[in-house]
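Below is one structure, written out as C-alpha cells, with a few remarks after it.
Protein chains: 6
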Amino acid sequence: MNLDILAIAAHPDDVEQTCGGTLLRVSWREALDIPDGRVENNWENRLKVARVIRQLRPRVVILPYWEGRHPDHYTASKLGYEACFLAGLAKLDLGRALSAQQSAFSQVASAVASVVTGEKQGSAAETLAPHRPFKIIYATLYFDIRPTFVVDISEQFEARFESLMAYKSQFSDQEAGKDIFPARDEIRARIESMARFYGILAGVTYAEPFLQKEVGLVEDVTAIPVKSI
Amino acid sequence: MNLDILAIAAHPDDVEQTCGGTLLRVSWREALDIPDGRVENNWENRLKVARVIRQLRPRVVILPYWEGRHPDHYTASKLGYEACFLAGLAKLDLGRALSAQQSAFSQVASAVASVVTGEKQGSAAETLAPHRPFKIIYATLYFDIRPTFVVDISEQFEARFESLMAYKSQFSDQEAGKDIFPARDEIRARIESMARFYGILAGVTYAEPFLQKEVGLVEDVTAIPVKSI
Amino acid sequence: MNLDILAIAAHPDDVEQTCGGTLLRVSWREALDIPDGRVENNWENRLKVARVIRQLRPRVVILPYWEGRHPDHYTASKLGYEACFLAGLAKLDLGRALSAQQSAFSQVASAVASVVTGEKQGSAAETLAPHRPFKIIYATLYFDIRPTFVVDISEQFEARFESLMAYKSQFSDQEAGKDIFPARDEIRARIESMARFYGILAGVTYAEPFLQKEVGLVEDVTAIPVKSI
Amino acid sequence: MNLDILAIAAHPDDVEQTCGGTLLRVSWREALDIPDGRVENNWENRLKVARVIRQLRPRVVILPYWEGRHPDHYTASKLGYEACFLAGLAKLDLGRALSAQQSAFSQVASAVASVVTGEKQGSAAETLAPHRPFKIIYATLYFDIRPTFVVDISEQFEARFESLMAYKSQFSDQEAGKDIFPARDEIRARIESMARFYGILAGVTYAEPFLQKEVGLVEDVTAIPVKSI
Amino acid sequence: MNLDILAIAAHPDDVEQTCGGTLLRVSWREALDIPDGRVENNWENRLKVARVIRQLRPRVVILPYWEGRHPDHYTASKLGYEACFLAGLAKLDLGRALSAQQSAFSQVASAVASVVTGEKQGSAAETLAPHRPFKIIYATLYFDIRPTFVVDISEQFEARFESLMAYKSQFSDQEAGKDIFPARDEIRARIESMARFYGILAGVTYAEPFLQKEVGLVEDVTAIPVKSI
Amino acid sequence: MNLDILAIAAHPDDVEQTCGGTLLRVSWREALDIPDGRVENNWENRLKVARVIRQLRPRVVILPYWEGRHPDHYTASKLGYEACFLAGLAKLDLGRALSAQQSAFSQVASAVASVVTGEKQGSAAETLAPHRPFKIIYATLYFDIRPTFVVDISEQFEARFESLMAYKSQFSDQEAGKDIFPARDEIRARIESMARFYGILAGVTYAEPFLQKEVGLVEDVTAIPVKSI
C-alpha cells in the first residue's frame, strides 16, 4: 500500500485541531493514543513509529511544530522526524531491531498515527521494505510562528469543527479533557478566529498554517497565488 | 494589453543576471537604461514607472531585492514597489500629475523595464486605466539571503548565458563594463556555480532564487515539490 | 497643555483600525486627512508634524509599524518618528524654520493626527517650547509581525467597531473607499477575528497588538500577566 | 503553602549570579546541589523537580536560558520546564510514579531549588495536589541574547554582590571554584559592568535581564516605562 | 595620499564615543560639524562626501550603524555608504557634478569626517581619481545589536575617555550638550561599563563593537581568538 | 601530545565533505566509524569522546552544525560539544567513570574522530589530564545557513576531491553508498559549485563555510579581508 498523507501527533485531537481541515480535503484517518505527558524520543519509540511508516508508506508526513508549550508536541515532532529517517535506512531490519528491544516494554504505545486515504496493513508485516517519505511538513497552529504556507479549508471548516466536537464528547472524561476546553460556543469562536486569521493572510476565508524547511520550487511564476499589494 | 511579467531593474544586464532564465520560460523582453549610480526614488520617477505599469498591465512584477551592495539596485526595488502602488490608485490621473512635474526634468529616464510576452503600447497613452499587479516577487541572486522559492532554469541556462554574453559585448565600452566582469570562462564558472547552488537546494540542476513577502497558499499538499529528507 | 496619547497615521480610519480600542480606553480623538499615496518624509513635513507635537505635548505617540504594504503607512511611521526627534531639539525654532519653507507649499497637509484626552491649541502657537514624547510605540495590526505586547480591548471592541463603521459611511464616496472594503458582515468577521487572534495570545477576548523597540522594565515579577504554560 | 517565586538552576551560585538581585526584592532562598556536568533531563529527574513544584506551589518559576555554554545550564532549563508541565497534570500521581523509579537511583539529587518567600514543607508530602506555575521566565545574563525585560536591582546590587562573595568563599574548595573565578576586584568590576549595561538599556543604574516567551499584556499604555527617544 | 581609516559620523563626539579607542590604535583624526537634526541623504551631500573620500582615499571606512535612536546617525550611515559607492564610479566627474549643484547650497556642510593616519589634501582637488574603500564597517555601540567583532581597546581606554571629556568641555555650550550628558563620574561609569561589557564577550578588558556585512575569511583556523567554552 | 585540530563527525566521509579542504591546509587525519542512524548523545558516549579529547588535546574542535537533515549529524554535534565540556572538568576521573559504565556496551563505538597534525596516543591512557579545547567551530556546508566565515581552499580543492572519491570507492558497498551518491561527474559538479559559491562570498575561488558562536576579535581593522563594496 502507499498512503498519501500520514499525520503523526501526540494526543487524540491534536490532528483535528491543527490539520483536520487539510486532511478532510483527502479522505480518512484513525488515531492511536498515549498517556499525557509521557512521549519520549528514544530508540524503541523511533523503531515503532518507523515500522508504521514502512507499513503505510506515506508520501507526505505532517508533524507538530518542533517548539511549543506542550512537551508531548515538540517531542512527538522530533520522534516523528527521526522515525522518518530510520524508516528509509536500507540496512535497518526493523523486525530484528524491535525484537532486541522487546523485553524493555515501552511506556509509549506508539504515538498517534492518523492514516489518510487507504487501509492499514492488518498485522506488523515481517517483510517491510525501507521507505522514506518524500515530504515532511509541520503544523504550526497555536505556535506563534510565521507559516511558510497555508491550506484553504473554507469548504472543510464545518466538517472539521464537527469532527473536533465529536472527539471532545468522546474523550471528555479523559485526562485534561474537562478543564482545558471551554464550552462549545467559546471553542467555536476561538477556532473560527484562528482559521480566519490564517485565511486573511492568503485571501481566503479559513485556512490552516504549515511550515516546510526546504525552499520552494515554482513551476510558473504567473500562477503563484496570494495577492501582493 | 495585459502582460504576464514585467521585470524592473536598474542596469542593462541586471535582469539577465538575476532572472533571465525565468523570463526565458516565457517569451520576450526589452530594456531601458539609466546612468549608473543615479537612481532616485522620488515622486516624478514613481509617476514615470507607474505609467509604464499602467501601459503594460503586468500580472507579475519582478523587482531587485530591497537590500544589496549597489544603491541603484535597492533604490530601484523601492521605486518599483511604490510605483506599483501608485499605478493602482483609482483617483491618480498620471497624465496630469506628470505634466505638473514636467519642468523639473528627471535625470533618470525611467529605470530598466523588461517586458515579457506581448507588445508595448506605441506611445504614452492619454487614457491609462488604473492597474495594480497581482504579484510582486524579488530576485535575490547575489544578495546573500535565503530565497522563498527557486525557479528551475535547467533548460534555459545555456540560452540565458549566451544572452548575458551578448549584452556584455554590446555594452563593454560602457561604464562599469570593463573592470567588473572578468573573462568569459571565469564568468561562466561563477554563473554556473550560483545557478547550480540554488538548483541543489531544490533538487534540480540550475535555478534562480526569488523571495515573496506573502505566505504561500498550497492547493494540494501531496503535490508540493522538493524532497525533505 | 499636555496630552496623554497622540496617534499619527496616514489615512482617516487607519487609527480606528489599528489602535481604536486602545484609544477608547482613554477618551477623545480627531483626525486630519491627506491625499492617498502622497505622504513624503521630507524636511517641511517633519517640521509640521513636530509643531503639532510641541503644541499637544503627548507623553505617548503611536505610529504605524515601519514596514507594510501601503507606502503611506511606512512613510508616515518614519515621518512621525523623525518629527518626534525634531520636536525635542532645544535649538530648533520651528516658527522660523517653517517660514523659511513657506514658499514651497507642502502637498501634504500634515498627516493624520489623532488627539486624545485634552484640547488642541487653537492656533499655531508663536512660542512652542521643545517637547520630546517619553514613549513611542508602533501599531502592528495587519503587518504580519510578532507584537511586543497587546492591549485588552474586550470592553471597547463594540464601540471601536461602530466608530469604524461610522468612518466608512462618512468617507464611502472617497478614493479607495468602495472597492477596498467589503460589506459590513464581512468587515465584522475579519475585524473580530484579528482582535480575537491577538486576544488569544494573551488570554483575553479581544486585543490590539503593539511593538516597542526598547526592552521592558518590570517592577514586580510576580505581577507579570499572561499565563506561560 | 503558596510560594511567590521559585528559581531552579544547576549550581550553587547560578541563582546569585543571574537573578540574585531580583530575588532580593522579595525575601528568602535556599539551594540544593548536584555534581558539576551531570544534569540529565530524564523521566526520574522530571518527577523529582515536579514534586518540589507541587510542594512549594510557586506562582513564578525562574529558569536558566535554554541555550548557553554550560550543558548543565541549558539542560536544567529544559528539565525545569518539563517538570512544571508534569506538576500540573491532574492524573499524574507523583508518589506512585517516583516509587516505580525507586530502584534506579538518580545520579542527580534534584537540581538546585531556590525557594523564596515562605517555608518548604518538611517532608515529601503524600498528598500533593497538581500545581502549574502561572509564569515561567528565563534568566538571560551571560547568554548573549536580547532580553524581553530587565528588573531594576539598583537597591539590591550591593547585597547581591556580598551574597555572591559569601557563596564563593563557602564553596571555594569545591570543583570549578578556584579556576573559574578571578579575584574579588575583578569579579566586582565584571558583575558591576554587566548589571550596569542592562541598567543602561532601561534607564536605571543596575538591572538583571530576563526573557519571557509570551507576548506582553499592557494595562495602561501611558504607564509603560523606559524612554524611547 | 592614501589613508588607512576614515570615520564618518554626524556629530562632534560620535566618533569618540563609538570608535575612539579603535582609532587611537592608529594615529590621527579631525572632525567637521553639522547642525543637529539636519543630516539629509541627498544627491548633493553624497557628492560632497564622495569628494572627501576621493581626496583621502581610505582603505577602511567606519560608519554609524544603519539603525538607531538618532535620525542623524542612521542617515549619516546611509549617506556615507552611498558616497563610498559614488566615489568609486569611474565615469562620475565630481567637479562637474558639484558645480551643477552649486546654486543650491547644502544646509549640511559635509558630515563629520574623522581622518586618521595622514594629511588631508589642502584644497578640493581638481583631478580626483575614482576611489572605492576596500572595507566598510559599522560602529554598533549604543545600538542594541550583536556585533560581528570587537576591537580590544584596553590600552587606549584612558586616552579615549580623556579625549571624549575634552570634546565635551569644548562643546558644552552647544546644542544638546548640557542636558544629554550627566556629570563626569556618571559618564565614566557608563562608558566603562559599555566597554567592559563588550570586552567580556571577547575575553579582554575593554572593547568597542563593530559589524561587517560580509562573511569573514579566516587564514588559519588554529589562530582564531576568543575562547569558546 | 597536543593536536592542532580535531574534527568530530558521524560518518566516514562527513569530514571530507564538510571540512576536508580546511584540514588539508594542515596535515593528517584518521577516522572511526559508527553504524548509520545510531548516534546517541548519552552519558557513556560523552565519556568516550571526552577521553579522545583528553588524549589528543586539540586546540580547535570542528563539529557538524547543530541542525540538519541527518539525525546523526546534529546528534554528533551535541555529543561532541558536551564531550568537550566534560573533558575539561578537573574533578571528572574518566577512567573510573567509564569503568562504571563498562557492562553496558555502547552501540556507538565512539563517533568519527579525525585527527590532524600529530600522533594518537597508543592506548587509552590511565592518567588523562583535563583538557578543554580553546575553540569550537561548526562546519555548515549543506545546512542552508549563513556562515560566520569561510576558509579559502583553492589550493586544496583538487586533493580534497580526490580524497573524497577514494573514500567513496572504498566504502561503496556500504549502506547509503550506492543510492545517495550519483556518478563522479555529477559529484564533481555539485561539490565544485558548493565550494565556488562560498568562495564567491569571500572573493576567492573555492571555500568551505564555518560558524562560530562567539563574537570575533579583530587585531587590526585595516587588515580585515573580503571587499565590502
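Residue numbers (the numbering used here), protein chains in the order written: chain H, 1 to 229; chain D, 230 to 458; chain P, 459 to 687; chain G, 688 to 916; chain V, 917 to 1145; chain C, 1146 to 1374.
C-beta: ideal position from N, C-alpha, C; glycine also.
Since this is a predicted model, take the numbers as computed values, not measurements.
Next item on the list: Determine the burial state of G/ARG783: buried for a count of at least 16 other Cβ atoms within 10 Å of its Cβ, exposed for fewer.
Entry: Label assigned to G/ARG783: exposed.
Note to self: Considering only their Cβ atoms, is the gap separating P/VAL519 from P/ILE603 smaller than 8 angstroms?
What the structure shows: no
Next item on the list: Check whether the segment 893-911 of chain G touches the segment 833-845 of chain G, taking contact to mean three or more Cβ pairs, one atom from each stretch, closer than 8 angstroms.
Entry: Under the three-pair Cβ rule at 8 angstroms, the segment 893-911 of chain G counts as touching the segment 833-845 of chain G.
Item checked: Which residues DSSP lists as bridging G/ASP839, in chain order -> G/ALA894
Notebook entry, point to check: DSSP puts G/ILE824 in a beta bridge; with which residues?
Noted result: Bridge pairing for G/ILE824: G/ILE749 [DSSP].
Margin query: Please list, in chain order, the chain G residues whose beta carbon lies closer than 8 angstroms to that of V/SER1015.
Written below: In chain order: nothing, as chain G lies at least about 39 angstroms away.
Next item on the list: Could you name the residues of the same chain whose beta carbon sits closer than 8 angstroms to that of D/PHE363, not counting the 5 residues immediately before and after it, in chain order?
Entry: Cβ within range, chain order: ARG288 and VAL289.
Check: Can you tell me whether D/GLU448 is buried or exposed, with buried defined as 16 or more other CB within 10 angstroms of its CB?
Finding: exposed
Checklist line | Selection from P/ASP471, P/ASP462 and P/THR480 that minimises the alpha carbon distance to P/ALA653 | finding: Residue P/THR480 is the option with its Cα nearest to P/ALA653.
Next item on the list: My understanding is that P/ILE466 touches P/LEU521, with C-beta atoms under 8 angstroms, so please give their C-beta distance in whole angstroms.
Entry: 6 angstroms
Note to self: Check for me: the alpha helix (DSSP H) holding D/ALA316 runs from which residue to which?
What the structure shows: 300-316
Item checked: Unbroken alpha helix (DSSP H) run spanning G/ALA694, endpoints -> Looking at the DSSP string, G/ALA694 is not in any alpha helix (DSSP H); the run it does join, the beta strand (DSSP E), is 692-696.
Next item on the list: State the DSSP-derived secondary structure class of H/LEU94, mapped to helix, strand or coil.
Entry: helix
Notebook entry, point to check: In terms of residues, what are the limits of the alpha helix (DSSP H) holding P/PHE655?
Noted result: 642-660
Next item on the list: Under the assumption that D/THR304 contacts D/ASN270 (Cβ atoms under 8 angstroms), give the Cβ distance between them as a whole number of angstroms.
Entry: 5 angstroms
Next item on the list: Return the bridge partner residues of C/LEU1362 from the DSSP annotation.
Entry: V/VAL1066
Margin query: Looking at chain H, is there any beta carbon in it that lies within less than 8 angstroms of the beta carbon of G/LEU815?
Written below: no
Next item on the list: For my contact list, D/THR377 and H/VAL204 are in at a C-beta cut-off of 8 angstroms; report their separation, rounded to the angstrom.
Entry: At roughly 19 angstroms, the Cβ-Cβ gap does not stay under 8 angstroms, so D/THR377 and H/VAL204 are not in contact.
Next item on the list: Name, going along the chain, the residues of the segment 1186-1207 of chain C whose beta-carbon falls closer than 7 angstroms to a beta-carbon of chain V.
Entry: ARG1204 and VAL1205
Next item on the list: Spell out whether any CB of chain G is found under 8 angstroms from the CB atom of P/THR533.
Entry: Not a single CB atom of chain G sits nearer than 8 angstroms to the CB of P/THR533.
Check: For G/LEU766 versus G/ARG725, is the C-beta distance shorter than 8 angstroms?
Finding: Not in contact: G/LEU766 and G/ARG725 (Cβ atoms no closer than 8 angstroms).
Note to self: Beta-carbon within less than 6 angstroms of H/ALA202's beta-carbon, same chain only, minus the 5 sequence neighbours each way: which residues are those?
What the structure shows: VAL150 and VAL226
Notebook entry, point to check: Less than 8 angstroms separating the beta-carbons of P/GLU540 and P/PHE601?
Noted result: no
Check: At least one CB of chain D closer than 8 angstroms to the CB of V/LYS1084: is that the case?
Finding: no
Item checked: Per-residue burial, G/LYS735 [other beta carbons within 10 Å of its own, 16 or more giving buried] -> Flag for G/LYS735 reads buried.
Note to self: According to DSSP, is C/ARG1202 part of a helix, a strand, or is it coil?
What the structure shows: coil
Checklist line | chain H contact for C/GLY1182 (CB, 8 angstroms cutoff) | finding: yes
Notebook entry, point to check: If V/THR1138 and C/ILE1369 are in contact, beta carbons under 8 angstroms, what's the gap, nearest whole angstrom?
Noted result: Contact doesn't hold; Cβ gap of about 19 angstroms is too wide.
Notebook entry, point to check: Whose Cβ in chain V lies nearer than 7 angstroms to the Cβ of C/THR1367?
Noted result: ASP920, ILE921, ARG975 and VAL976
Note to self: Just to confirm my understanding: we take G/LEU815, look at its own chain, exclude 5 residues before and 5 after, and list those with CB closer than 7 angstroms. What are they?
What the structure shows: ARG738, ARG741, GLN742 and LEU781
Notebook entry, point to check: Shorter than 8 angstroms from the beta carbon of C/LEU1346 to some beta carbon of chain D?
Noted result: yes
Note to self: Looking at the ligand FMN, does it come within less than 7 angstroms of H/MET165, judged from the CB to the closest heavy atom?
What the structure shows: Only the bare structure without any ligand can be found here, which leaves the ligand FMN out of the picture.
Item checked: Alpha carbon of V/HIS986 to alpha carbon of P/CYS542, nearest angstrom -> Roughly 11 angstroms separates the two Cα atoms.
Item checked: Neighbour flag for V/PHE1113 against chain G, beta carbons, 8 angstroms -> yes
Checklist line | Closer than 9 angstroms at the beta carbon, the chain V residues around G/ARG833 | finding: ASP1060, ILE1061 and ARG1062
Next item on the list: Find the residues of chain P that neighbour D/GLU311, judging by a C-beta separation of less than 7 angstroms, and give them in chain order.
Entry: PRO529
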